[in-house]
Every structure is written in C-alpha cells, then in structure tokens.
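In terms of this note's numbering, the sequence shown opens at residue 49 and continues consecutively.
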Amino acid sequence: MILRPVGVVRSEITTPTFLPFGDDDPLARTKKARARHQRTKTLILEVVIDPSLDGILEGIEEFSHIIVLYWPHRIPEKERTLRQVHPMGRKDIPLKGIFATRSPARPNPVLVSVVRLVERTGNVLRVEGLEALDGSPVIDVKPFIGIYDAPENSVFPDWLKRLHADLEQAETGPG
49 MILRPVGVVR SEITTPTFLP FGDDDPLART KKARARHQRT KTLILEVVID PSLDGILEGI
109 EEFSHIIVLY WPHRIPEKER TLRQVHPMGR KDIPLKGIFA TRSPARPNPV LVSVVRLVER
169 TGNVLRVEGL EALDGSPVID VKPFIGIYDA PENSVFPDWL KRLHADLEQA ETGPG
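The structure is reproduced here in structure tokens:
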C-alpha cells in the first residue's frame, strides 16, 4: 500500500499536545484539555492542497463542513505501539483499547476531523476547528454529508459522555 499526501496543514500549532500518560491529576488534565478544546473550536488554519492536483477541489465550497484526514507526523514511532490508554490521559477513566479511543497513538495514526469550511481560495482551504500541527500531511479531504456521516441512534459509553461534558463545561461555567 502506498499513501501519498495530497496537501499540508498550515497552523499556528507547532507543539504536540498528545500525552498518553502523565503524573498530573485528572482535574489538571481536564482544565488543560478544556482550554485547548475551546481554543481549537475557533482556530482558523489552512489546508493547502498540492497545486499539481488541479481541479480536485472543484465544488467543495458548496459544503459548510468537510472531513480532513491527516497524519500526525510528530507522534514518535514508539508511542504508536501503545495498545491501551486512559482516554485523554485521565487516570480517573479506566484503560481502553486504542481502537476504542480517538488517541493519535495508533498503529496507523490517520486522524479524522470534521471542520467548518470557512472559504476556499484556489488550492487553499481555510477551516475552523482543526487541531493539527503545522506541517501535518493531509491524506484526503471529503465533504461532510450529515445524512450519511451522522447515523441516527448512535450509542456512546458513559466515560465518553463525561469527557465531553467536562470539555464543554467551560461554555457554561467554571470547572
């Protein structure tokens, strides 16, 4: 199998935030994650598609949101051998298998994000909500189509609901 990048991310984020394990307490981890989450939600960065792929983006601007698949190029190889992590590094949540999480420490660390498409100018997509490092190789871009990409009656585990509530708490009050 050969995978070739179709573009690159241009971002002000230059330092990886991935910490699968840590000595800090769950509250400190939650506060750090909450601050990063809030900042990322409104961060606008660029997905620059290889100019030699002329025409490949035609019509993408008709969509409000897109799916960006990218490679976390700064995750060390040794961390891609992890089999289990505490979700978001929180030791108050039991270990889960990598495939039961969104951890970037994966055997093949293809990351997927649904982001708002702010604008397209030629081969450059300005997007909101992508937490990717500057220089991250882009593997693919697809339109987000809610009727296909958001299945009805999805079920989520309680630990994930708790993580989401903790991240969103900043919008409703201190935590």
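For glycine and all other residues, C-beta sits at the position ideal for the given N, C-alpha and C.
Report back the beta-carbon spacing between residue i and residue j to the nearest angstrom; my notes put them in contact at under 8 Å.
i	j	result
V56	V96	5 Å
L178	V189	That belief does not hold up - the Cβ atoms of L178 and V189 are roughly 11 Å apart, past 8 Å.
E94	R174	6 Å
K108	P191	The sequence given here has Ile at residue 108, not Lys. Indeed, because the Cβ distance is near 6 Å, the residues count as touching under 8 Å.
E127	A148	Rounded, the Cβ-Cβ distance is 17 Å, inconsistent with contact.
Using C-beta distances below 8 Å, list every residue in its chain close to residue i, excluding the 5 sequence neighbours before and after it, in chain order.
i	result
V158	L117, Y118, W119, I187
I104	V54, I97
Does the Cβ of residue i have 16 or more other Cβ atoms within 10 Å, making it buried, or fewer, making it exposed?
i	result
D206	exposed
I193	exposed
H212	exposed
S151	buried
P124	exposed
L203	Per the sequence shown, residue 203 should be read as Val rather than Leu. Exposed.
R138	buried
S184	buried
A198	exposed
P135	buried
Across which residues does DSSP place residue i in a beta bridge pair?
i	result
K144	V133
H113	R164
L93	V175
R58	E94
L159	Y118
Keeping to the same chain, check which residues put their C-beta closer than 7 Å to that of residue i; ignore five residues upstream and five downstream.
i	result
R58	L93, E94, V96, D182
Could you name the residues of the same chain whose beta carbon sits closer than 6 Å to that of residue i, not counting the 5 residues immediately before and after it, in chain order?
i	result
Q132	L143, G145
* **Any beta strand (DSSP E) of 3 or more consecutive residues that is wholly inside the segment 168-209** => The DSSP assignment places complete beta strand (DSSP E) segments of no fewer than 3 residues inside the segment 168-209 at 172-176, 185-191, in order along the chain.
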